[in-house]
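Take a look at the structure set out below.
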Amino acid sequence: MTTIALIGAGGKMGTRLGDNLAKTDHEVLHVEPGEAGRARLAERGATAVPADEAVPRADVVVLAVPDNAIGQVSADLIPRMKAGATLIVLDAAAPYAGQVATREDISFVATHPCHPSVFNRAETTPEAQTDYFGGVAGRQDVVIALISGTDADYERAEQVIRAFFAPVVNAHRITVEHMALLEPVLAETTAATCITIIREAMDEAVRRGVPADAARAFILGHIGIELAIIFGEIDSPFSDGALKAIAGARSILFKDDWKRVFDSDVIDASIAEIVGAQSLTH
Numbered sequence: 057m058t059t060i061a062l063i064g065a066g067g068k069m070g071t072r073l074g075d076n077l078a079k080t081d082h083e084v085l086h087v088e089p090g091e092a093g094r095a096r097l098a099e100r101g102a103t104a105v106p107a108d109e110a111v112p113r114a115d116v117v118v119l120a121v122p123d124n125a126i127g128q129v130s131a132d133l134i135p136r137m138k139a140g141a142t143l144i145v146l147d148a149a150a151p152y153a154g155q156v157a158t159r160e161d162i163s164f165v166a167t168h169p170c171h172p173s174v175f176n177r178a179e180t181t182p183e184a185q186t187d188y189f190g191g192v193a194g195r196q197d198v199v200i201a202l203i204s205g206t207d208a209d210y211e212r213a214e215q216v217i218r219a220f221f222a223p224v225v226n227a228h229r230i231t232v233e234h235m236a237l238l239e240p241v242l243a244e245t246t247a248a249t250c251i252t253i254i255r256e257a258m259d260e261a262v263r264r265g266v267p268a269d270a271a272r273a274f275i276l277g278h279i280g281i282e283l284a285i286i287f288g289e290i291d292s293p294f295s296d297g298a299l300k301a302i303a304g305a306r307s308i309l310f311k312d313d314w315k316r317v318f319d320s321d322v323i324d325a326s327i328a329e330i331v332g333a334q335s336l337t338h
């Protein structure tokens, strides 16, 4: 059994993780200073524990707090952790920005859920099919980066991560730098922006007279088949007309240098904004 101090246990992410950890044999110490968060814990039958009591006891400390608070919270808590314990943060932004306090005698891990795949056709229950975030019924993968520590530290952290993001299929071991390329760059800067444009395009079709229900049904169906073609889920090419439309529209929709979003200066600026820093010093 692993003793886990869940920091920010009464928040949105903290309650998600706590609900899953409650299904395990791990001892969970819920740390939550806010009254609203404590009330949410009480609704779940959990009682908040002071950080001074929870952190020194914990084998693993999980920071379920906003990115821009991780620097301050980690600086406060890490001196109180016992030697050999592990700190887990739920995003790469703060460690990438160098804002997580350090100690030589503890280990550090960053993790993030992949969320259930749009191609996860194996789910058979409505609960799993509509668990878009994951961590309830929909199966998902996770990514994990060992920032410092041993393989044994990583393995212990992976077991805790699999528990609080359950049900988990695969855990992909990557680096913090890889994680920053995945989020914000791939998932948010690129994919979320493109999807936002798709929604705006649907709204524009409606503005120009297409019935809203028809436009929504048409684009959501086409997104599914287009994703399946692009990502090799089906052995079927785009039609000649679609290929001509794609070739003709790229220069209208995208700048030639759009892959600059992967350049280090752009990533640094994005992550600095996320963590509330003027600039990054790494």
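Our numbering puts the first residue of the sequence shown at 57, with every later residue one more than the last. Note that beta-carbon positions come from the ideal geometry of N, C-alpha and C, so glycine has one too.
Runs of alpha helix (DSSP H) with 4 or more residues, each lying fully within the region 266-302, are found at 268-286, listed in chain order. When 112, 123, 80 and 68 are compared, the shortest CA-CA separation from residue 328 is found for 123. Note that the C-beta distance between residue 191 and residue 120 is not below 7 Å. Residue 144 has 118 and 165 as its beta-bridge partners, per DSSP. By the Cβ-count criterion, residue 250 is exposed, with fewer than 16 other Cβ atoms from all chains shown falling within 10 Å of its own Cβ.
Taken through DSSP and simplified to helix, strand or coil, residue 85 comes out as strand.
With fewer than 16 neighbouring CB atoms inside 10 Å of its own CB, residue 103 falls in the exposed class. Within the region 183-234, the runs of beta strand (DSSP E) at least 3 residues long that lie entirely inside it are, in chain order, 196-204 and 224-230. DSSP lists 83 as the bridge partner or partners of residue 59. By alpha-carbon distance to residue 66, the top candidate from 254, 212 and 89 is 89. Below 8 Å, too few C-beta pairs join the region 234-247 and the region 204-221 to call them touching: fewer than three. Taking the Cα of residue 189 as reference, the smallest distance to any Cα among 114, 231, 220 and 230 is reached at 220. Residue 168 and residue 286 have their alpha carbons spaced roughly 25 Å apart. In the displayed model, residue 247 falls within a helix according to three-state DSSP. DSSP, reduced to helix, strand and coil, places residue 98 within a helical segment of the structure shown. For residue 110, no pairing in a beta bridge is given by DSSP.
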